[in-house]
Amino acid sequence: AQTVTQSQPEMSVQEAETVTLSCTYDTSESDYYLFWYKQPPSRQMILVIRQEAYKQQNATENRFSVNFQKAAKSFSLKISDSQLGDAAMYFCAYRPNFGNEKLTFGTGTRLTIIP
Amino acid sequence: DAGVIQSPRHEVTEMGQEVTLRCKPISGHNSLFWYRQTMMRGLELLIYFNNNVPIDDSGMPEDRFSAKMPNASFSTLKIQPSEPRDSAVYFCASRLGPGNTIYFGEGSWLTVV
Chain L
324 AQTVTQSQPE
334 MSVQEAETVT
344 LSCTYDTSES
354 DYYLFWYKQP
364 PSRQMILVIR
374 QEAYKQQNAT
384 ENRFSVNFQK
394 AAKSFSLKIS
404 DSQLGDAAMY
414 FCAYRPNFGN
424 EKLTFGTGTR
434 LTIIP
Chain X
5 DAGVIQSPRH
15 EVTEMGQEVT
25 LRCKPISGHN
35 SLFWYRQTMM
45 RGLELLIYFN
55 NNVPIDDSGM
65 PEDRFSAKMP
75 NASFSTLKIQ
85 PSEPRDSAVY
95 FCASRLGPGN
105 TIYFGEGSWL
115 TVV
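Chains L and X, in that order, are what the protein sequence lines are. Residue numbers for the first sequence follow our numbering, beginning at 324 and rising by one. Residue numbers for the second sequence follow our numbering, beginning at 5 and rising by one.
Written as structure tokens, this is what we have:
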């Protein structure tokens, strides 16, 4: 069974600084997707970034980028120039490309931005 | 564009009552998911549909839970009878098709007292 582990329950960063959130996963599949979702206090789940496992290039979305290490099964999220609006719970998620396509989530990391 | 629409946003009900949560997926999406989020168990997939057909309901906790998707633009998740341990945020999500990103609604916050 696939598992997703986020070992940092809480992180904090000074506004305008850079922070990296960690995620590791376990799977026997070779073709899959990885995601980072953001959940602000409103509780809505918002997609931040997605990575296809077959792509070697790390995904980037404005201030958000990932470091995808397939062999190590690691998928960290880097937030540059942190802003107050980045404060939220961040969830790492995995989904295989074939078969049962359900998303498996990690337990989340609560990110606090210090003004 | 309208996202996934869920109702109600918040509901407080008494134990033993029937609860119905509703979801309208993004137009054109053919996969729909129901997730539950609790402090103890995090985010769990309850059931998902492809083309209105339930594909995997192994996450449905017990017979008190049922989900339907009578057409491509509407789904319900029903709990009957409800219990305090059902208190959670229930998310509906949809996807255009295999390989595409799953988009979530704003969630329905259920409290059973």
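Glycine included, C-beta positions come from ideal geometry on N, C-alpha and C.
Taking C-beta to C-beta, are residue i and residue j nearer than 8 Å?
i, j, result
"residue 91 (chain X)", "residue 21 (chain X)", "no"
"residue 109 (chain X)", "residue 46 (chain X)", "no"
"residue 416 (chain L)", "residue 434 (chain L)", "no"
"residue 399 (chain L)", "residue 343 (chain L)", "yes"
"residue 39 (chain X)", "residue 25 (chain X)", "no"
"residue 372 (chain L)", "residue 407 (chain L)", "no"
"residue 117 (chain X)", "residue 18 (chain X)", "yes"
"residue 83 (chain X)", "residue 97 (chain X)", "no"
"residue 368 (chain L)", "residue 374 (chain L)", "no"
"residue 114 (chain X)", "residue 15 (chain X)", "yes"
"residue 329 (chain L)", "residue 432 (chain L)", "yes"
"residue 376 (chain L)", "residue 354 (chain L)", "yes"
"residue 28 (chain X)", "residue 59 (chain X)", "no"
"residue 401 (chain L)", "residue 347 (chain L)", "no"
"residue 75 (chain X)", "residue 54 (chain X)", "no"
"residue 12 (chain X)", "residue 112 (chain X)", "yes"
"residue 73 (chain X)", "residue 36 (chain X)", "yes"
"residue 391 (chain L)", "residue 357 (chain L)", "yes"
"residue 419 (chain L)", "residue 333 (chain L)", "no"
Go ahead and pull the three-state DSSP assignment for residue i.
i, result
"residue 357 (chain L)", "strand"
"residue 36 (chain X)", "strand"
"residue 89 (chain X)", "helix"
"residue 408 (chain L)", "helix"
"residue 416 (chain L)", "strand"
"residue 387 (chain L)", "strand"
"residue 67 (chain X)", "coil"
"residue 377 (chain L)", "coil"
"residue 19 (chain X)", "coil"
"residue 367 (chain L)", "coil"
"residue 430 (chain L)", "coil"
"residue 396 (chain L)", "coil"
"residue 421 (chain L)", "coil"
"residue 328 (chain L)", "strand"
"residue 56 (chain X)", "coil"
"residue 61 (chain X)", "coil"
DSSP has residue i in a bridge; who is on the other side?
i, result
"residue 26 (chain X)", "X:11, X:80"
"residue 343 (chain L)", "L:401"
"residue 372 (chain L)", "L:359"
"residue 287 (chain L)", "Outside the modelled stretch of chain L, which goes from 324 to 438, sits residue 287 (chain L), for which no answer is possible."
"residue 41 (chain X)", "X:47, X:93"
"residue 104 (chain X)", "None, per the DSSP bridge assignment."
"residue 112 (chain X)", "X:94"
When you compare the CB of residue i with every CB in chain A, is at least one pair closer than 8 Å?
i, result
"residue 103 (chain X)", "Looking at the structure shown, chain A is missing, and the protein chains on hand are L and X."
Original post:
Name the residues in the stretch 44 to 68 of chain X whose C-beta lies less than 7 Å from a C-beta of chain L; which are they?
Top reply: 46, 47, 49, 52, 60
Subject >> Residues of the stretch 400 to 429 of chain L whose Cβ lies closer than 9 Å to any Cβ of chain X, in chain order >> reply: 414, 416, 418, 420, 421, 423, 424, 425, 426, 427, 428, 429
**OP:** Give, in chain order, every residue of the stretch 85 to 97 of chain X whose Cβ lies closer than 7 Å to some Cβ of chain L.
**Re:** 93, 95
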